[in-house]
Structure formats: C-alpha cells, structure tokens
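**Student:** Heads up, the sequence shown is in our numbering, so the first residue is 215 and it goes up one at a time.
All C-beta atoms, glycine included, are put in the ideal place defined by N, C-alpha and C.
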Amino acid sequence: DIDRAATEEPLEIRLHGRAFAVIMRTPGADRELAAGFLLAERVLKSADDLGAIEYCTDPGPAEAGHHTRDDTMAENIVNVTLANGSADEVDRLLAERRQVMTNSSCGLCGRLTIESLRSDVPALDCAWTIDHATLASLPDRLRAAQGVFDETGGLHAAGLFTPDGTLDTCAEDVGRHNAVDKVIGRMLMQERLPLSRHLLFVSGRASFEIVQKALLAGIPIVASVSAPSTLAIDLARESGVTLAGFVRGDSFNIYAHAARIVN
Numbered sequence: 215d216i217d218r219a220a221t222e223e224p225l226e227i228r229l230h231g232r233a234f235a236v237i238m239r240t241p242g243a244d245r246e247l248a249a250g251f252l253l254a255e256r257v258l259k260s261a262d263d264l265g266a267i268e269y270c271t272d273p274g275p276a277e278a279g280h281h282t283r284d285d286t287m288a289e290n291i292v293n294v295t296l297a298n299g300s301a302d303e304v305d306r307l308l309a310e311r312r313q314v315m316t317n318s319s320c321g322l323c324g325r326l327t328i329e330s331l332r333s334d335v336p337a338l339d340c341a342w343t344i345d346h347a348t349l350a351s352l353p354d355r356l357r358a359a360q361g362v363f364d365e366t367g368g369l370h371a372a373g374l375f376t377p378d379g380t381l382d383t384c385a386e387d388v389g390r391h392n393a394v395d396k397v398i399g400r401m402l403m404q405e406r407l408p409l410s411r412h413l414l415f416v417s418g419r420a421s422f423e424i425v426q427k428a429l430l431a432g433i434p435i436v437a438s439v440s441a442p443s444t445l446a447i448d449l450a451r452e453s454g455v456t457l458a459g460f461v462r463g464d465s466f467n468i469y470a471h472a473a474r475i476v477n
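Quick look at the structure:
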C-alpha cells in the first residue's frame, strides 16, 4: 500500500480583485484561512471590516464579469472584499504589503513589530486561569480531533480551548501558521473576537508569528508541544501573553506570565 501524502497547494488571496498574497496550504477552510491571515496582516480588525470572501476563477487580474466557474482554478483563488474598502484604502494596503515583503529580511523587523503591537493592540482581557492538569491534557485532546493526521501523519494542528479544556474548534494544515489562521479566521467570521476566554494550542513549536496572531485575536494563553522561539518569548513577556512549551506527558515549561496556570 502507498501511504497517503498530505496535500499542499497554493492559495492566492486577492483584495478587491488584486493580488495580495500567495500561501502554500492544505486545501480546506480557505475562507477562514484568508480571514485569519488578513487579521494577522492587520487588514482586518474585526468581522465588521469584512464584506465578503468568495472563490474567484479568473487566473488574470480579477474584473467584473470574469468569475465564470472553472473547477481547476476555483479552489485556489479567493477574493476578499472589505466592508468599507475604498480604492485609495486598497492601494495603501497593497503598498504596505509590498514594503513588508521588500524588508522581510531586516533583522530589526521583529523588534519593530513588538513595538508596534505594544502601541496598537489593546491590553489583553483575561481574568481566568487554567489548571495544570487541564493544560497537560490538551495535546491528547487535540490529537484526538486530527482526522487527516491519522491518514497522512504530515499535518500540523491548532486548537482553541476553553478554560475547562473543552475543544471549541480546530484545524489541520501542512503549515502550523495556516492552521492558526484557519481557527482564528473561523472565529472572526462568526463574530466571536476577541477570544479572551480561549487558549491557543499548537502542534510543533510556538514561533513569533503564532504569538503575534494570538495577540491580535485577543487570546491570552498560547501553548505548544515543542519549544517557543526567543522572539516569541520576548513578545509574550512584553504583551502579557502566557506562553507554555514542551507540553508533553504531565509536564511543560512556562516562559511568560505563569500566574494564569495554577496547580
């Protein structure tokens, strides 16, 4: 027998018909992925900013009248319309995106982003704690919900849990960042942000980008199976996010704001 491999295909995200980004992802929950990605890019701040997310089939620049169905393209391009997106606003967002891509190798970008988040993002609202044993149980709870992983063994997962350890929603993808965007985007589309009563748990490690995505969604606790990066720890400490890593068996490490995890 030939083992089934995890699917990976490009998804082009367009903003008002104009190319904004291309993401390599596992197909499925593409609208949610686009919504979560645009929240992390700060194009969206809430469901109020979102007009529509639709599949688009024109491989060239999307224009009115060019959205005839083509199954070979339909599942790999989504067009996002902002609720109040003027032509000037879209021009500005696209220009900012190009600037970010140009400067993506800048060594100061992470530190500048931390400073920007500190000034732009509201303080986290979190008056709850999670029990040590409940946190330790989350890897098994998330793993039990990973249907595609059972078939391929090649997908990351992200789950949003309530304080008592109940899994609210989860997603799988070849990229753990995509899995996070899918679950956060789903909650955004359901008008459930900020996620101040949720914990984000991810397979793999917790990178700077994952903590950033959690912060922008109002999530106060992030935990992962593996280690966080140094910049993820810096961001968590400075922004008030509780960060736990190496959650395996009945143990884990806490890197930031340990008071929310109790015995």
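Look up residue 467 in the DSSP assignment and give the residues it is bridged to.
**Tutor:** Indexing the sequence shown from 1 puts residue 467 at position 253. For residue 467, which the question treats as bridged, DSSP gives the partners 459.
**Student:** CA-CA distance, residue 250 and residue 270?
**Tutor:** Taking the first residue of the sequence shown as position 1, residue 250 is located at position 36. Taking the first residue of the sequence shown as position 1, residue 270 is located at position 56. Distance between the alpha carbons of residue 250 and residue 270: 18 angstroms.
**Student:** To the nearest angstrom, report how far apart residue 262 and residue 297 are at their CA atoms.
**Tutor:** Residue 262 sits at position 48 when you count from the first residue of the sequence shown. Residue 297 sits at position 83 when you count from the first residue of the sequence shown. Going by the C-alpha atoms only, they are around 7 angstroms apart.
**Student:** Using the Cβ count rule (16 or more neighbours within 10 Å means buried), how would you classify residue 218?
**Tutor:** Working through the sequence shown from its first residue, we reach residue 218 at position 4. By the neighbour-count rule (16 or more Cβ atoms within 10 Å), residue 218 is not buried but exposed.
**Student:** Alpha carbon to alpha carbon, how far is residue 221 from residue 254?
**Tutor:** The residue you call residue 221 lines up with position 7 of the sequence shown. The residue you call residue 254 lines up with position 40 of the sequence shown. Approximately 24 angstroms between the Cα atoms of the pair.
**Student:** Are the beta-carbon atoms belonging to residue 416 and residue 390 less than 7 angstroms from one another?
**Tutor:** Mapped onto the sequence shown, residue 416 falls at position 202. Mapped onto the sequence shown, residue 390 falls at position 176. Cβ atoms of residue 416 and residue 390: closer than 7 angstroms.
**Student:** Is residue 361 helix, strand or coil when you go by DSSP?
**Tutor:** Locating residue 361 in the sequence shown gives position 147, where the first residue counts as 1. Residue state, collapsed to three classes: helix.
**Student:** Taking the alpha carbon of residue 238 as the point to measure from, which residue in 227, 232, 231 has its own alpha carbon closest?
**Tutor:** Within the sequence shown, the letter at position 24 stands for residue 238. With distances taken between Cα atoms, residue 238 lies closest to 227.
**Student:** Using the three-state DSSP reduction, which class does residue 254 fall into: helix, strand or coil?
**Tutor:** As a position in the sequence shown, residue 254 is number 40, starting the count at 1. Helix.
**Student:** Does the distance from the C-beta atom of residue 422 to that of residue 449 stay below 7 angstroms?
**Tutor:** Here residue 422 is taken as the residue at index 208 of the sequence shown, counted from 1. Here residue 449 is taken as the residue at index 235 of the sequence shown, counted from 1. The answer is yes: Cβ separation under 7 angstroms.
**Student:** Mind checking residue 386: buried by the 16 CB within 10 Å criterion, or exposed?
**Tutor:** Within the sequence shown, numbered from 1, the residue matching residue 386 stands at position 172. Classification for residue 386: buried.
**Student:** Straight-line CA distance for residue 345 to residue 459?
**Tutor:** Position 131 of the sequence shown, counted from the first residue, corresponds to residue 345. Position 245 of the sequence shown, counted from the first residue, corresponds to residue 459. Going from the Cα of residue 345 to the Cα of residue 459 covers about 15 angstroms.
**Student:** Roughly how many angstroms lie between the CA atoms of residue 384 and residue 398, to the nearest whole one?
**Tutor:** Along the sequence shown, one-based indexing puts residue 384 at 170. Along the sequence shown, one-based indexing puts residue 398 at 184. Roughly 9 angstroms between the two C-alpha positions.
**Student:** Look at the alpha carbon of residue 243 and the alpha carbon of residue 400, and state the distance between them as a whole number of angstroms.
**Tutor:** For the purposes of this step, residue 243 is taken as residue 29 along the sequence shown, with counting starting at 1. For the purposes of this step, residue 400 is taken as residue 186 along the sequence shown, with counting starting at 1. Roughly 8 angstroms separates the two Cα atoms.
**Student:** Check whether the Cβ atoms of residue 476 and residue 343 lie closer than 7 angstroms to each other.
**Tutor:** Numbered from 1 along the sequence shown, position 262 holds the residue referred to as residue 476. Numbered from 1 along the sequence shown, position 129 holds the residue referred to as residue 343. Yes, the Cβ-Cβ distance between residue 476 and residue 343 is below 7 angstroms.
**Student:** Express the C-alpha separation of residue 380 and residue 339 in angstroms, rounding to a whole number.
**Tutor:** The residue labelled residue 339 in the question sits at position 125 within the sequence shown. The residue labelled residue 380 in the question sits at position 166 within the sequence shown. One C-alpha to the other measures close to 20 angstroms.
**Student:** So the candidates are 419, 230, 356, 268; which of them puts its Cα closest to the Cα of residue 442?
**Tutor:** Here residue 442 refers to the residue found at position 228 of the sequence shown. Among 419, 230, 356, 268, the Cα nearest to that of residue 442 is on 419.
**Student:** When DSSP builds the beta bridges, which residues end up paired with residue 434?
**Tutor:** Working through the sequence shown from its first residue, we reach residue 434 at position 220. Paired residues: none, contrary to the question.
**Student:** Give a yes or no on whether the C-beta atoms belonging to residue 268 and residue 293 are separated by under 7 angstroms.
**Tutor:** As a first step, residue 268 is located in the sequence shown; it is residue number 54 there, counting from the start. As a first step, residue 293 is located in the sequence shown; it is residue number 79 there, counting from the start. Going by C-beta atoms, residue 268 is nearer than 7 angstroms to residue 293.
**Student:** Beta-carbon separation of residue 409 and residue 373 under 7 angstroms?
**Tutor:** Counting from one through the sequence shown, the residue named residue 409 turns up at place 195. Counting from one through the sequence shown, the residue named residue 373 turns up at place 159. No, the pair does not count as a contact, with Cβ atoms beyond the cut-off.
**Student:** Measure the C-alpha to C-alpha separation of residue 299 and residue 260 and round it to an integer number of angstroms.
**Tutor:** Position 85 of the sequence shown, counting from 1, holds the residue named residue 299. Position 46 of the sequence shown, counting from 1, holds the residue named residue 260. Cα to Cα, the separation comes out at about 14 angstroms.
**Student:** Within the same chain, show all residues whose beta-carbon is closer than 6 angstroms to that of residue 266, passing over the 5 residues directly before and after it, in chain order.
**Tutor:** Along the sequence shown, read from residue 1 onward, the residue named residue 266 stands at position 52. Around residue 266: 295.
**Student:** Cβ of residue 474 within 7 angstroms of Cβ of residue 447?
**Tutor:** For the purposes of this step, residue 474 is taken as residue 260 along the sequence shown, with counting starting at 1. For the purposes of this step, residue 447 is taken as residue 233 along the sequence shown, with counting starting at 1. No, the pair does not count as a contact, with Cβ atoms beyond the cut-off.
**Student:** Please classify residue 472: is it buried, with 16 or more other beta-carbons within 10 angstroms of its beta-carbon, or exposed?
**Tutor:** Along the sequence shown, read from residue 1 onward, the residue named residue 472 stands at position 258. The residue in question, residue 472, is exposed, as its Cβ has fewer than 16 Cβ neighbours within 10 Å.
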